[in-house]
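Asks: Line by line, the protein sequences are chains S and Y.
Last residue of the first sequence? That's 551 in our numbering, and every number before it is there in order.
Last residue of the second sequence? That's 551 in our numbering, and every number before it is there in order.
There are 2 protein chains.
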Amino acid sequence: MIDGAMLFGSEARQAAARFRSQDPASGQALAPDFSSASADDVAETCALAAAAAPAFGASDPEDRARFLETIASEIEAIGDDLIIRAMQESGLPRPRLEGERGRTIGQLRLFAAFVRQGDWIDATIDPAMPDRTPLPRPDLRRMNVPVGPVAVFGASNFPLAFSVAGGDTASALAAGCPVVVKGHPSHPGTGELVARAIQRAVAACGLHEGVFSYLPGETHALGEALVADPRIRAVGFTGSRGGGLALMRIAAARKEPIPVYAEMSSINPVILMPGALASRGKALAEAFVQSLTMGAGQFCTNPGLVIAVDGPDLDAFIAAAADVMQGSTAQTMLSPSIHDNFTKGVSALAGHTAVETIARGQGETGANQAVAALFQTSAQQFLSDIALAHEVFGSSSMIVRCRDLDEVANVIASLEGQLTATLQLDDADIPYAHALLPVLADRVGRVLANGWPTGVEVAHAMVHGGPFPATSDGRTTSVGTLAMFRFLRPVAFQNLPADLLPHALADDNPFAVARRIDGVRERSPR
Amino acid sequence: MIDGAMLFGSEARQAAARFRSQDPASGQALAPDFSSASADDVAETCALAAAAAPAFGASDPEDRARFLETIASEIEAIGDDLIIRAMQESGLPRPRLEGERGRTIGQLRLFAAFVRQGDWIDATIDPAMPDRTPLPRPDLRRMNVPVGPVAVFGASNFPLAFSVAGGDTASALAAGCPVVVKGHPSHPGTGELVARAIQRAVAACGLHEGVFSYLPGETHALGEALVADPRIRAVGFTGSRGGGLALMRIAAARKEPIPVYAEMSSINPVILMPGALASRGKALAEAFVQSLTMGAGQFCTNPGLVIAVDGPDLDAFIAAAADVMQGSTAQTMLSPSIHDNFTKGVSALAGHTAVETIARGQGETGANQAVAALFQTSAQQFLSDIALAHEVFGSSSMIVRCRDLDEVANVIASLEGQLTATLQLDDADIPYAHALLPVLADRVGRVLANGWPTGVEVAHAMVHGGPFPATSDGRTTSVGTLAMFRFLRPVAFQNLPADLLPHALADDNPFAVARRIDGVRERSPR
Chain S
26 MIDGAMLFGS EARQAAARFR SQDPASGQAL APDFSSASAD DVAETCALAA AAAPAFGASD
86 PEDRARFLET IASEIEAIGD DLIIRAMQES GLPRPRLEGE RGRTIGQLRL FAAFVRQGDW
146 IDATIDPAMP DRTPLPRPDL RRMNVPVGPV AVFGASNFPL AFSVAGGDTA SALAAGCPVV
206 VKGHPSHPGT GELVARAIQR AVAACGLHEG VFSYLPGETH ALGEALVADP RIRAVGFTGS
266 RGGGLALMRI AAARKEPIPV YAEMSSINPV ILMPGALASR GKALAEAFVQ SLTMGAGQFC
326 TNPGLVIAVD GPDLDAFIAA AADVMQGSTA QTMLSPSIHD NFTKGVSALA GHTAVETIAR
386 GQGETGANQA VAALFQTSAQ QFLSDIALAH EVFGSSSMIV RCRDLDEVAN VIASLEGQLT
446 ATLQLDDADI PYAHALLPVL ADRVGRVLAN GWPTGVEVAH AMVHGGPFPA TSDGRTTSVG
506 TLAMFRFLRP VAFQNLPADL LPHALADDNP FAVARRIDGV RERSPR
Chain Y
26 MIDGAMLFGS EARQAAARFR SQDPASGQAL APDFSSASAD DVAETCALAA AAAPAFGASD
86 PEDRARFLET IASEIEAIGD DLIIRAMQES GLPRPRLEGE RGRTIGQLRL FAAFVRQGDW
146 IDATIDPAMP DRTPLPRPDL RRMNVPVGPV AVFGASNFPL AFSVAGGDTA SALAAGCPVV
206 VKGHPSHPGT GELVARAIQR AVAACGLHEG VFSYLPGETH ALGEALVADP RIRAVGFTGS
266 RGGGLALMRI AAARKEPIPV YAEMSSINPV ILMPGALASR GKALAEAFVQ SLTMGAGQFC
326 TNPGLVIAVD GPDLDAFIAA AADVMQGSTA QTMLSPSIHD NFTKGVSALA GHTAVETIAR
386 GQGETGANQA VAALFQTSAQ QFLSDIALAH EVFGSSSMIV RCRDLDEVAN VIASLEGQLT
446 ATLQLDDADI PYAHALLPVL ADRVGRVLAN GWPTGVEVAH AMVHGGPFPA TSDGRTTSVG
506 TLAMFRFLRP VAFQNLPADL LPHALADDNP FAVARRIDGV RERSPR
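Here's what the structure looks like:
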């Protein structure tokens with residue numbers, strides 16, 4: 026059922042102001058119309074979240090894990106209605122959305138297993154030493170506790186995996202933080218289906234209704250009020266650099282500033298090392314264009330920059346890439362505004378005096394159609410104009426021709442922070458790759474060899490993060506179990522009577538977590 | 026040897042601009058005069074730090090541990106000259122400074138052991154699954170890497186343990202980050218002795234000279250330039266709220282914003298529960314005034330706020346505390362500016378219409394002498410004027426009389442973030458303490474029972490942190506081994522050839538660290 030409601034905890038309400046989503050493939054508006062939540066709706070949902078925080082934050086890991094698993098099952102139970110609505114609202118094809126649903130559900134289940142396992146509590150006990158001189162040592166116990174209510178902003182480019190029940194929501198709930206979601210206005214029907222699934226899971230698990238609220242909306246004022254609300258303690262956001270920076274400013278100006286985890290902007294450099302370029306340039310070109318154009322290039326990890334040493338092997342790579350791109354068909358983008366920004370970005374590069382257009386894809390055939398674009402420039406030009414390093418969200422990429430490998434290193438070192446960097450290399454390239462690796466690792470959250478950055482594995486070892494402006498906080502990731510730590514903070518308890526200690530730190534270890542005692546980690550009791 | 030130099034890596038240089046420190050007990054200037062480093066000196070030291078970062082950041086844990094131990098030994102080897110100079114510059118007594126030296130050295134050795142043990146690397150491996158469907162899983166490995174050069178601001182109140190080789194420097198070096206210290210102008214001789222000890226350790230361990238530089242100085246411009254330098258990646262600071270906020274603003278306005286770990290302001294509430302107040306009010310009063318006046322109250326964890334239910338037991342506590350305080354002698358504060366701020370803060374409270382002065386200590390006898398002060402007000406007044414909750418750095422404390430325990434909870438919930446909160450409680454108080462504990466834990470980094478917040482143990486389980494404005498980043502601590510994580514960030518490596526993998530993630534585990542494989546922690550190989 027979709028009726029355009031806002032969810033205030035367990036209650037569904039309709040706002041007077043309404044908006045509709047659009048099928049980007051046809052440009053037609055979709056029924057029904059949706060509540061456009063306003064800044065006035067923020068306070069009540071945040072109050073509910075604050076009321077839910079103490080009990081939810083102190084809940085047993087087993088209970089919290091079952092809650093995450095119940096959300097996964099409830100989303101699964103929506104069935105094909107979810108896929109159909111998401112296709113209509115996003116223009117994304119069925120296999121992609123079915124895969125994304127699988128990822129969203131798998132992510133919730135992975136967090137459930139991780140919550141149950143308990144290492145995230147980081148239970149650390151330094152026992153008292155009453156006889157130590159000159160002063161006795163107190164009993165000191167430390168654990169991670171949830172930060173409190175979290176505001177999550179749904180992202181347009183992953184209507185399931187980075188939206189209402191996406192990575193930010195899953196990791197915040199896993200950490201024990203109530204969540205208030207601002208739904209993305211380009212897929213409100215998809216958002217409502219998922220939000221109601223979470224609402225059902227809250228009820229089924231007997232949790233405080235304030236654990237989850239959902240505010241669909243299309244105004245900046247709504248998001249601004251959410252970040253400014255004093256009960257919100259952290260923010261998860263995936264979107265544009267401008268949007269992320271605006272939220273960071275609001276968060277920093279609060280009476281009590283809070284962290285904003287914004288994943289914003291990345292052009293994901295790919296370095297074609299000479300050996301790889303010589304031995305398999307054509308295959309690399311094909312795989313590159315495939316990664317670039319997949320999903321109309323609407324991935325944070327889209328390969329928007331290719332760096333290589335000039336010469337006949339690079340010429341051959343470019344010719345092959347141009348061939349493939351010229352055969353590529355236009356694809357529907359997620360929304361008119363994303364399509365507009367793509368078109369403007371591509372036009373600006375095409376008209377830049379230092380940039381040559383290598384190839385475009387097949388022409389437009391309907392609304393919001395993106396035509397892939399490939400450009401080239403020299404390292405000297407690239408280094409002299411920062412605008413050439415700006416992200417164009419969509420299937421647009423820039424090849425930078427370098428004189429030699431030292432110039433490759435200079436181009437890398439000039440880059441702003443990135444989510445990923447990729448090395449295409451053969452065995453012969455390894456010696457120089459050794460020199461490049463620290464320069465690369467310093468600028469990114471993930472280094473790949475002989476793959477493509479699109480396709481972000483949800484795993485323990487994943488880092489989907491990186492120095493600013495890839496994210497607002499380069500110490501974190503928004504994908505993988507490590508994402509949970511964004512919403513935790515340590516608290517120490519000194520000489521607390523046994524009756525008062527949180528369960529996670531009690532002597533008899535009722536949560537059966539692996540603890541560090543006097544600096545030495547116990548064997549896991551599981 | 027103290028000659029007033031700045032240390033640019035291995036080189037000692039003199040600046041034209043000079044300043045002198047002062048013996049706060051006599052008000053007399055101390056020889057020699059010191060280089061007043063300027064903003065122009067920042068770039069060169071930061072360039073050295075950046076040059077040192079790759080090799081130092083990739084160094085073997087064993088080598089880094091030995092470096093920390095060498096610093097400890099070099100500081101020990103300075104001998105009594107260090108204590109004598111620190112006494113002259115700080116006005117602190119010999120036993121306190123000897124204890125602080127022991128703590129500083131012990132801290133370096135604790136970090137050495139922690140670095141060697143290797144858990145901080147958080148080596149996490151999700152092995153490839155080439156046969157997974159629909160897509161194979163890549164080999165994904167994650168580890169913590171140092172963020173890069175760190176700027177450390179020496180604090181006035183711990184000339185050893187929070188200054189040149191204090192907790193910020195020790196934890197940054199432990200993480201593999203080169204450090205540039207801005208020395209505090211009130212103890213430049215102490216600072217130089219310690220800085221030269223670190224410089225000797227760098228040379229003895231054969232490290233890049235840029236691993237450590239030292240800039241004594243007294244201008245804001247120096248610190249501002251340091252935080253603004255693009256090579257600096259994080260900042261450690263302990264000091265005033267105004268100073269910390271200024272550094273946060275500079276860091277946020279950079280092209281690439283960086284984290285500032287500022288420990289700023291805390292009044293450390295102590296809650297006297299009814300049972301404890303009834304059974305041992307007099308003993309509590311004595312211990313309270315002792316904690317309050319120790320070291321002239323110049324501790325971040327000084328108990329500046331006492332909260333209790335009104336009644337005869339509280340009257341008796343107050344009378345006993347007044348007795349003890351009236352007998353307390355004036356003590357030398359660290360510097361004229363700290364003394365001025367204390368005097369102004371106490372005068373403002375004494376002149377506040379809603380505040381009653383309960384007691385003062387013995388009168389002033391010389392320069393920079395602090396006379397302890399104890400005030401009281403009602404919960405209603407306290408809740409209506411935020412100024413009553415501002416920190417007065419020094420031995421000044423406010424007692425808040427509450428109607429009942431619910432009002433106690435309201436007062437706690439009204440507080441800004443704090444480093445600590447203390448419960449004085451008997452068994453009979455435990456049921457209500459259960460209700461208070463989540464409210465307390467939400468506002469602080471450390472909760473104590475039946476102790477006093479002064480005296481911060483350097484341990485694995487310590488949290489010396491807390492929500493804003495106690496610190497700028499409530500997810501962190503500046504004391505204890507967890508402090509190291511402020512200067513680390515995660516990086517993932519995907520499908521890297523074995524030859525390219527960082528040692529910490531190599532299959533044969535040359536650093537012998539405990540790893541997490543596919544979500545399951547291995548037994549420690551040590």
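Glycine residues also receive a C-beta, built at the ideal position from the N, C-alpha and C atoms.
(1) What residues match up with residue 382 (chain S) in a beta bridge as DSSP calls it?
(2) What residues of chain Y sit near residue 149 (chain S), judged by a beta carbon separation below 7 Å?
(3) Helix, strand or coil for residue 241 (chain S) per DSSP?
(4) Would you mind reading off the limits of the beta strand (DSSP E) that contains residue 27 (chain Y)?
(5) Between which two residues does the alpha helix (DSSP H) containing residue 362 (chain Y) stretch?
(6) List the whole-angstrom C-beta distance separating residue 381 (chain S) from residue 355 (chain S), where the pair is believed to meet the contact cut-off of C-beta under 8 Å.
(7) Is it right to say residue 129 (chain S) is buried, meaning 16 or more other beta carbons lie within 10 angstroms of its own, or is it exposed?
(8) Taking only beta-carbon positions, decide if residue 175 (chain S) is within less than 9 Å of chain Y.
(9) Grouping DSSP H, G and I as helix and E and B as strand, with all else coil, what is residue 547 (chain Y)?
(10) Quick one: which unbroken beta strand (DSSP E) runs of 3-plus residues sit fully inside the region 113 to 201 of chain S? Chain order, please.
(11) Is it true that the CB of residue 343 (chain S) sits closer than 9 Å to the CB of residue 399 (chain S)?
(12) On the three-state DSSP scale, how would you describe residue 424 (chain Y)?
(13) Using a Cβ distance threshold of 8 Å, determine whether the region 260 to 276 of chain S contacts the region 285 to 296 of chain S, with at least three qualifying pairs required.
(14) Can the beta-carbon of residue 77 (chain S) be found closer than 9 Å to that of residue 251 (chain S)?
(15) Where residue 142 (chain Y) and residue 255 (chain S) are concerned, what is the direct C-alpha to C-alpha distance, given to the nearest angstrom?
(16) Does residue 82 (chain Y) come within less than 9 Å of chain S when only Cβ atoms are used?
(17) Of all the options Y:394, Y:518, Y:444, which has the alpha carbon lying nearest to the alpha carbon of residue 6 (chain Y)?
(18) I need the straight-line Cα distance from residue 437 (chain Y) to residue 507 (chain S), nearest angstrom please.
(19) Would you mind giving the Cβ-Cβ distance between residue 211 (chain Y) and residue 317 (chain Y), rounded to the nearest angstrom? I have them listed as a contact below 8 Å.
(20) Given that residue 544 (chain Y) touches chain S, what residues does it touch there, using C-beta distances under 9 Å?
(21) At what residue ranges does the region 434 to 508 of chain Y contain a whole run of the alpha helix (DSSP H), taking only runs of 4 or more?
(22) Within 10 Å of its beta-carbon, does residue 404 (chain S) have 16 or more other beta-carbons around it, so buried, or fewer, so exposed?
(23) Please state whether the Cβ-Cβ distance between residue 22 (chain S) and residue 222 (chain S) is less than 9 Å.
(24) Assuming residue 70 (chain S) contacts residue 177 (chain S) (C-beta within less than 8 Å), just tell me the rounded distance between them.
(25) Does any C-beta atom of chain Y lie closer than 9 Å to the C-beta of residue 493 (chain S)?
(26) Who are the neighbours of residue 502 (chain S) on chain Y, taking C-beta pairs under 7 Å?
(27) Distance check for residue 426 (chain Y) and residue 293 (chain S), CA to CA, integer angstroms please.
(28) Please name the residue in S:109, S:360, S:362, S:146 whose C-alpha comes closest to that of residue 537 (chain S).
(29) Measuring alpha carbon to alpha carbon, tell me which of S:315, S:181, S:301 ends up nearest residue 454 (chain S).
(30) Rank S:154, S:395, S:87 by C-alpha distance to the C-alpha of residue 361 (chain S) and give the top, closest one.
(31) Per the contact definition of three or more C-beta pairs closer than 8 Å, is the region 191 to 209 of chain S in contact with the region 231 to 250 of chain S?
(32) Alpha carbon to alpha carbon, how far is residue 515 (chain Y) from residue 468 (chain S)?
(33) Run through DSSP, which three-state label would residue 280 (chain S) get?
(34) Check the Cβ of residue 548 (chain Y) against every Cβ in chain S and list those closer than 8 Å, keeping chain order.
(35) Where does residue 132 (chain Y) land, buried or exposed, given buried means 16+ other C-beta within 10 angstroms?
(36) In the DSSP assignment, the alpha helix (DSSP H) including residue 315 (chain Y) goes from what residue to what residue?
Replies: Based on what the coordinates show:
(1) S:400
(2) 485, 486
(3) strand
(4) Here residue 27 (chain Y) belongs to no beta strand (DSSP E), and DSSP marks it neither H nor E.
(5) 361 to 375
(6) Between residue 355 (chain S) and residue 381 (chain S) the Cβ distance is about 22 Å, and since that is not below 8 Å, they are no contact.
(7) buried
(8) no
(9) coil
(10) 149 to 151, 165 to 171, 175 to 178
(11) yes
(12) strand
(13) yes
(14) no
(15) 41 Å
(16) yes
(17) Given a span of 26 to 551 for chain Y in the structure shown, any question on residue 6 (chain Y) remains unanswerable.
(18) 32 Å
(19) Not quite, the Cβ-Cβ distance comes to about 23 Å (not below 8 Å), so this is no contact.
(20) 135, 138, 139, 142, 484, 485, 506
(21) 455 to 468
(22) buried
(23) Within the shown structure, residues of chain S are numbered from 26 to 551, placing residue 22 (chain S) beyond reach of any answer.
(24) Contact doesn't hold; Cβ gap of about 12 Å is too wide.
(25) yes
(26) 515
(27) 59 Å
(28) S:146
(29) S:301
(30) S:395
(31) yes
(32) 12 Å
(33) coil
(34) 548
(35) buried
(36) 299 to 318
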